[in-house]
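Heads up, the thing below is written out as structure tokens.
There are 2 protein chains.
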Amino acid sequence: MSRSKGVKKAICIMSGGMDSTLCATLAIKQGYEVVGLHFDYDQRTMSREKRAFNEVCDFLNIKNRISLNVNFIAQIGANALTDFSLNVPKDGLKDEVPITYVPFRNGIFISIAAALAEKEGANALFIGVVEDDSSGYPDCKSDFIKAIENAVNLGTKDTTKIAIKMPLVGLSKAQIVKNSIENGSPLQLTWSCYESEEKACGLCDSCRLRLKGFKEAGAVDLIEYKN
Amino acid sequence: MSRSKGVKKAICIMSGGMDSTLCATLAIKQGYEVVGLHFDYDQRTMSREKRAFNEVCDFLNIKNRISLNVNFIAQIGANALTDFSLNVPKDGLKDEVPITYVPFRNGIFISIAAALAEKEGANALFIGVVEDDSSGYPDCKSDFIKAIENAVNLGTKDTTKIAIKMPLVGLSKAQIVKNSIENGSPLQLTWSCYESEEKACGLCDSCRLRLKGFKEAGAVDLIEYKN
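Here is the structure:
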């Protein structure tokens, strides 16, 4: 509820994937005291993502971490990550918004993160959205993030000022891999696959984007793949 | 995920209190097919509010109702409604934001409601915020609601268009009581008290605002009070 002058404190939304892990790494490099925020929502790879979140936090020495259960997202449904009767597409990205889109997920995540930021006296919130080289989810676009930043600052106390940082928004996946290596972000601990918890499937959109990034960056992905 | 042309469908956020109950009543009068959305978050009067929500839905013949558990709000804490070590103030409203303010609660509720609206193909979302004659929570102001409406429409699919309606925002509590009576909104089934689940305390800010509204409207409140 209070904030000491001069202290830089940030809430980092961390899925355990490589984008949000780089975000947290950059927040630390920028001198922020980081609070790691993770969400569980009965998604297919919930346990694996949580393990990745914790291993990344250990690596980055993020002690203040919080994992919140938001499984009402599964209750709302309408997406292939929580509705197991829908298949995760494996035939490559299309032009339309894919069935893995979870309705307004980042809106929900940012709103909760804003509440936590207000409580913690944090002045920044980091989110690893990527606009172009991505699945095309509407809640990953910079115009949306700017609009919700405005809403967050209008809807919290006058003394609460929260800057929403999206340092990856304009990057390609290859640039994210290169930046991760340059900044010591622990790519080997991250998890991206939408479907599998042991070895990554290599075929879902998230695996495809990750593999393309490593390939174009000329780097080796150390996690194991089935295919 | 689909919307038939010409169908008016609205998500109504319903706490079980008199403001959101009037909102739902007005939505029905305006011809909307209503989905009642209620939130549980381990607040002091959770059971009583849920009972009110269900009784109001029964009365208004709202069959499509959903109750979501958002008790991460209690995990975040920092408010007297979920943190039982903090006392609910009973000495009248002050100029500052009271300790009953739940950080960015309406931001969280609206984001979740927007996800549900996108899934249900609803084109409106009703929320019973009151700006002036209220506790002064920052997330009840019209500027905030307009800003998050903009964010919701940018962060959802291009085909999703959601108007956020706040028909009570400029009303006094007395006008809300009068409008409720005129429109047949079931005031007798609603619950406002922050603290008690059997008889209303009559002293918390929410009871005080309710009682002032009935008094100024020259109407009788049929619920029971301790004091």
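Protein chains in written order, with full-length UniProt numbering: chain W, 1 to 227; chain R, 1 to 227.
A virtual CB, placed ideally from N, CA and C, is assigned to each residue, including glycine.
Predicted model only: the values in this text are computed from it and were never measured.
How about residue i and residue j: do their beta carbons lie closer than 9 Å?
i	j	result
Asp-139(W)	Thr-156(R)	yes
Phe-39(W)	Val-70(W)	yes
Val-129(W)	Asp-19(W)	yes
Ile-56(R)	Ala-80(R)	In the sequence as displayed, the identity of residue 56(R) is Val instead of Ile. Against a cut-off of 9 Å, the Cβ pair of Ala-80(R) and Val-56(R) comes out as no contact.
Thr-160(W)	Asn-153(W)	yes
Leu-189(R)	Ala-27(R)	no
Lys-63(W)	Gln-30(W)	no
Gly-202(R)	Asn-227(R)	yes
Gly-17(W)	Ser-192(W)	yes
Glu-131(R)	Lys-141(R)	yes
Ser-15(R)	Ile-108(W)	no
Say the cut is 8 Å; is the CB of residue i nearer than that to a heavy atom of the ligand MG?
i	result
Leu-37(W)	With respect to the ligand MG, the structure offers nothing, as it holds no ligand at all.
Quick check on residue i - is its C-beta less than 9 Å from some C-beta in chain R?
i	result
Met-1(W)	With a pLDDT of 46 at Met-1(W), under the threshold of 50, the predicted position of this residue should be treated as unreliable, though the coordinate-derived value follows. Interface residue, yes.
Arg-65(W)	no
Leu-168(W)	no
Leu-211(W)	no
Phe-53(W)	no
Ala-78(W)	yes
Arg-105(W)	yes
Leu-116(W)	yes
Leu-189(W)	no
Val-97(W)	yes
Lys-9(W)	no
Leu-68(W)	yes
Is any beta-carbon of chain W found at less than 9 Å from that of residue i?
i	result
Val-102(R)	yes
Lys-119(R)	yes
Gln-43(R)	no
Ser-15(R)	no
Asn-71(R)	yes
Ser-111(R)	yes
Ile-108(R)	yes
Leu-93(R)	no
Go through its chain and collect everything with a Cβ distance to residue i's Cβ below 6 Å, but skip five positions before and after it.
i	result
Lys-165(W)	Ala-124, Phe-126
Cα-Cα, which of the options is closest to residue i?
i	options	result
Cys-207(W)	Arg-44(W), Ile-162(W), Leu-86(W), Tyr-194(W)	Tyr-194(W)
Phe-84(R)	Ser-67(R), Gln-75(R), Ala-24(R)	Gln-75(R)
Tyr-32(R)	Cys-12(R), Thr-21(R), Ala-174(R)	Cys-12(R)
Pro-98(W)	Ser-135(W), Ile-223(W), Leu-116(W)	Ser-135(W)
Glu-49(R)	Glu-131(R), Lys-141(R), Lys-199(R)	Lys-199(R)
Tyr-101(W)	Tyr-137(W), Gly-218(W), Ser-67(W), Glu-120(W)	Tyr-137(W)
Gly-218(R)	Glu-224(R), Ile-176(R), Asn-183(R)	Ile-176(R)
With DSSP as the reference, please indicate the residues paired to residue i in a beta bridge.
i	result
Ile-164(W)	Leu-125(W)
Phe-39(R)	Leu-68(R)
Ile-13(R)	Leu-37(R)
Leu-151(W)	This sequence places Ala at residue 151(W); Leu is not what is there. Bridge partners of Ala-151(W): none, in fact.
Which same chain residues, not among the five before or five after residue i, have their C-beta less than 8 Å away from its C-beta?
i	result
Ser-47(W)	Glu-197
Asp-221(W)	Leu-187, Arg-210, Leu-211, Phe-214
Got a sec? Which residues, its chain only, sit under 7 Å from residue i by beta carbon, not counting five neighbours each side?
i	result
Phe-59(R)	Pro-186, Leu-189
(message) Which residues of the segment 125-157 of chain R have a Cβ closer than 8 Å to any Cβ of chain C? Give them in chain order.
(response) Reference to chain C is not applicable here, since the protein chains of this structure are W and R.
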